[in-house]
Amino acid sequence: MPGLTDRYAELAALPFDGGYPVPETGRTLNEELFFQRAVQTYLWSLPAINMYAMKEGLGKTFGYGYQVMSVFEQRLKPNTIITTPNSDVIYGLGFADLSETGPLVIEAPPRLQALLDDFWHRPLVGPKIDGVQFLGDIGLPGPDRGAGGKYLIVPEGAEVDTGDDEYFVYSSPTNGVFIFLRGFFQSVDDLSPGVAAIEGITIRPLHGDAKPMDFQHASNVDSNALFDHDASYFDMLDAFIQSEQVDAVDPYMHGMLAAIGIAKGREFTPSDRQRELMDQAATTAWKMAKTIAAEYDTTYKALWWEDRHWVAHVRTELDDFMHTLLDEQWRDRTTGHTDVDAKAHMFINHYSISTGMMSSIVGFGAKYGNAYKDADGNYLMGGNTYRIDLPPNAPANLFWSVTVYDAETAAGVDADGQTYPSLNSMNDLVYNDDGSVSMYIAPERPDGAGNWIKSVPGRGWFSLIRWYGPTADFFDRNYKPGDFVRIG
1300 MPGLTDRYAE
1310 LAALPFDGGY
1320 PVPETGRTLN
1330 EELFFQRAVQ
1340 TYLWSLPAIN
1350 MYAMKEGLGK
1360 TFGYGYQVMS
1370 VFEQRLKPNT
1380 IITTPNSDVI
1390 YGLGFADLSE
1400 TGPLVIEAPP
1410 RLQALLDDFW
1420 HRPLVGPKID
1430 GVQFLGDIGL
1440 PGPDRGAGGK
1450 YLIVPEGAEV
1460 DTGDDEYFVY
1470 SSPTNGVFIF
1480 LRGFFQSVDD
1490 LSPGVAAIEG
1500 ITIRPLHGDA
1510 KPMDFQHASN
1520 VDSNALFDHD
1530 ASYFDMLDAF
1540 IQSEQVDAVD
1550 PYMHGMLAAI
1560 GIAKGREFTP
1570 SDRQRELMDQ
1580 AATTAWKMAK
1590 TIAAEYDTTY
1600 KALWWEDRHW
1610 VAHVRTELDD
1620 FMHTLLDEQW
1630 RDRTTGHTDV
1640 DAKAHMFINH
1650 YSISTGMMSS
1660 IVGFGAKYGN
1670 AYKDADGNYL
1680 MGGNTYRIDL
1690 PPNAPANLFW
1700 SVTVYDAETA
1710 AGVDADGQTY
1720 PSLNSMNDLV
1730 YNDDGSVSMY
1740 IAPERPDGAG
1750 NWIKSVPGRG
1760 WFSLIRWYGP
1770 TADFFDRNYK
1780 PGDFVRIG
């Protein structure tokens, strides 16, 4: 657009006198530098504040403490504002603080799929067994392989005497630990197996008295676990930094953080003008991250299939689904450098990571695809009618699902009269004669549409397709879902 780059030309043309800035130049460039540092700090800290916002949002509603577990006993509904929740499993979300509890024991029941992340959204480092390094996973994708087991979370570098007990030991570089549980069911009419798997867990300190587990049923309780995109984001970032030990990773970015006034042990007291700049920086950075996500198929080339608009969370080669180009911390496997675009895409619209979430082992964990655009490359909008065709024999041993999310909040689309913004292979779906499935996403049910997810006019949306227990047909590229095709 004409004039978009004029601001940059004006900055470059600000006057100097004898190699020194004139007063107005100094004021302008100092504010610009503060603004730019705040923008980059927002983008860099998204994984941590995504996590901290979940802890605070759910904690204010359901309570704090290692023993408190928010259990979505009737599945996730749109009244829970959180990024891309899965409405087709039972969730359990818990948060612990090792500075309060010391080493923490988790006794996991059978048939649980769960993970452990630190508060920078990095998977905890677990044991190495038979050449396999476990990162974050417990339960089905973890070292107990779904049989149940005893886990011990210890501060990174700590030596802990466990006596005669044997544990799968995981270490955390942060005080905060995210305990994320998934329970499965085989029928949408009976969710009790999934709830039982979640509520079969025990979490307690290794030493001292244990509080009884407090399972808070959360499905029908309104809650907001989303981070802000105004100046209050930086207030939360300061609260997080004060609550944590100083992280050894990214010393330059911690310097950027200090440059805008946030540092461990320092009072955060921005001036009125700095808060105004932070407010603008947060809004700008949020829009930048949302743009990265929206253009992930074109500008950022993270496609699953070259002739589709489905994108991968973790980049992969188009001709080789067996190898992700990034590791569990969004680093290039060759250079070790952070893929800043992939990380921003992940944590503006999603949360949690472990090896099981990005594994390329047949039958292990899950695979995910995002779609922000229709078959013509246009953004998906709630006032339109779309059809998507999924071939027969979906590549999932456990189940598959299609979910529709609000483009702004990344929470489930909240449409009047619709309980869940998703359909899955356990629903009573209408199949085509060849075994394929056609779904419709529209504000009103199209004539003859058997499988329909309701959208909201005036709201953009995006979709996630999930394959749990992915089969060889996915990795061999024998299966390819259709795009969303606009039909009205």
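Under this note's numbering, think of the first position of the sequence shown as 1300, with each following residue one higher. Glycine residues also receive a C-beta, built at the ideal position from the N, C-alpha and C atoms. Quick caveat, the model's predicted, so the values are computed rather than measured.
Output needed for F1484: all residues of its chain with C-beta closer than 6 angstroms, excluding positions within five of it in sequence on either side, in chain order. As a first step, residue 1484 must be located in the sequence shown, where it is residue number 185. Once the five neighbours on either side are set aside, the close Cβ partners of F1484 are L1490, P1492 and G1493.
Using DSSP with H/G/I as helix, E/B as strand and the rest coil, what is Y1595? The residue labelled residue 1595 in the question sits at position 296 within the sequence shown. Y1595 falls in the coil class under three-state DSSP.
Suppose you measure from the CA of G1356 to the CA of Y1319; what does that come to, to the nearest Å? Along the sequence shown, read from residue 1 onward, the residue named residue 1356 stands at position 57. Along the sequence shown, read from residue 1 onward, the residue named residue 1319 stands at position 20. Distance between the alpha carbons of G1356 and Y1319: 48 angstroms.
Please check the pair D1515 and V1370, which I expect to be a contact at CB under 8 angstroms, by giving their CB distance rounded to whole angstroms. In the sequence shown, the residue the question calls residue 1515 occupies position 216. In the sequence shown, the residue the question calls residue 1370 occupies position 71. Inspection of the sequence shows that residue 1515 is occupied by Gln rather than by Asp. Contact holds; Cβ gap of about 7 angstroms.
T1461 in three-state terms, based on DSSP: Reading the sequence shown from its first residue, position 162 is the one you call residue 1461. Coil at T1461, not helix or strand.
Taking A1593 as the reference, give the member of V1712, N1669, A1352 and N1474 with the closest Cα. Taking the first residue of the sequence shown as 1, we reach residue 1593 at position 294. Of V1712, N1669, A1352 and N1474, the residue nearest in Cα terms is N1669.
Using the C-alpha atoms, what's the distance from T1718 back to R1432? If you number the sequence shown from 1, residue 1432 lands on position 133. If you number the sequence shown from 1, residue 1718 lands on position 419. As written in the sequence, residue 1432 is Gln, which differs from the Arg given in the question. Between Q1432 and T1718, the C-alpha separation is close to 40 angstroms.
When you compare the CB positions of G1664 and G1655, do they come within less than 7 angstroms of one another, or not? Locating residue 1664 in the sequence shown gives position 365, where the first residue counts as 1. Locating residue 1655 in the sequence shown gives position 356, where the first residue counts as 1. Yes, these two residues count as a Cβ contact at 7 angstroms.
Residue range of the beta strand (DSSP E) that I1451 falls in? Here residue 1451 refers to the residue found at position 152 when the sequence shown is read from its first residue. According to the sequence provided, residue 1451 is Leu. The question's Ile does not apply to it. G1448 to P1454 is the extent of the beta strand (DSSP E) around L1451.
Suppose the cutoff is 6 angstroms on Cβ atoms and the five residues either side in sequence are ignored; what does the same chain contact list for P1569 look like? Counting from 1 along the sequence shown, the entry for residue 1569 is found at position 270. Cβ within range, chain order: G1560.
C-alpha distance - S1386 paired with R1306, whole-angstrom precision: Against the sequence shown, residue 1386 aligns to sequence position 87. Against the sequence shown, residue 1306 aligns to sequence position 7. Cα to Cα, the separation comes out at about 45 angstroms.
Measuring CA to CA, which of V1321, R1765, M1645 and E1372 is closest to D1488? Counting from one through the sequence shown, the residue named residue 1488 turns up at place 189. Comparing Cα positions, the closest option is E1372.
Spatial neighbours of A1584 within its chain, please: C-beta separation below 7 angstroms, excluding the five flanking residues on both sides. In the sequence shown, residue 1584 corresponds to position 285, counting from 1. Within the same chain, A1584 has close Cβ partners V1338, Y1341 and L1342.
DSSP-derived helix/strand/coil call for A1670: Here residue 1670 corresponds to residue number 371 of the sequence shown, with the count starting at 1. Strand at A1670.
6 angstroms CB neighbourhood of W1603 in its chain, flanking five on each side removed: Against the sequence shown, residue 1603 aligns to sequence position 304. Correct list, in chain order: W1609, A1611 and G1668.
Just curious, the beta strand (DSSP E) that E1406 is in, first and last residue? For the purposes of this step, residue 1406 is taken as residue 107 along the sequence shown, with counting starting at 1. It spans L1403 to A1407 - the beta strand (DSSP E) in which E1406 sits, taken as one unbroken run.
Which residues in the same chain have their Cβ closer than 7 angstroms to the Cβ of W1419, if we skip the five residues on either side of it in sequence? By 1-based counting over the sequence shown, the position of residue 1419 is 120. Beyond the five residues adjoining it in sequence on each side, W1419 comes within less than 7 angstroms, by CB distance, of P1346, A1347, T1473 and D1546 in the same chain, given in chain order.
Spatially closest choice to N1696 from S1653, I1381 and D1772, by CA coordinates: Position 397 of the sequence shown holds residue 1696. Per the C-alpha coordinates, the member of S1653, I1381 and D1772 positioned closest to N1696 is D1772.
Taking only the alpha-carbon atoms, compute the straight-line gap between A1395 and A1308 and give it to the nearest angstrom. Taking the first residue of the sequence shown as 1, we reach residue 1395 at position 96. Taking the first residue of the sequence shown as 1, we reach residue 1308 at position 9. Those two C-alpha atoms are separated by around 49 angstroms.
Could you tell me which residues DSSP pairs with E1309 in its beta bridges? What you label residue 1309 is simply residue 10 of the sequence shown in a count that begins at 1. For E1309, which the question treats as bridged, DSSP gives no partner whatsoever.
Candidates G1438, L1403, D1316 and L1392: which alpha carbon is nearest A1413's? The count along the sequence shown starts at 1 and reaches residue 1413 at position 114. Closest option to A1413, Cα to Cα, is G1438.
Reduced DSSP secondary structure (H/G/I, E/B, other) of W1343: Within the sequence shown, residue 1343 is the residue found at index 44, counting from 1. The answer is helix: DSSP assigns W1343 an H, G or I state.
Identify which residue in M1350, D1463, A1495 and D1732 has its Cα closest to the Cα of N1648. What you label residue 1648 is simply residue 349 of the sequence shown in a count that begins at 1. Nearest of M1350, D1463, A1495 and D1732 to N1648, Cα basis: M1350.
How many Å lie between Y1704 and S1470 at the Cα? Translated into the one-based positions of the sequence shown, residue 1704 becomes position 405. Translated into the one-based positions of the sequence shown, residue 1470 becomes position 171. Between Y1704 and S1470, the C-alpha separation is close to 34 angstroms.
Quick check on T1315: buried or exposed, where buried means 16 or more other Cβ atoms within 10 Å of its Cβ? The sequence position of residue 1315 within the sequence shown is 16, counting from 1. The sequence as given places Phe at residue 1315; Thr does not occur at that position. It is exposed - the Cβ of F1315 has fewer than 16 other Cβ atoms within 10 Å.
Environment of D1732 [buried if 16+ CB atoms lie within 10 Å]: Looking up residue 1732 in the sequence shown gives position 433. With fewer than 16 other CB atoms across the displayed protein chains lying within 10 angstroms of its CB, D1732 is exposed.
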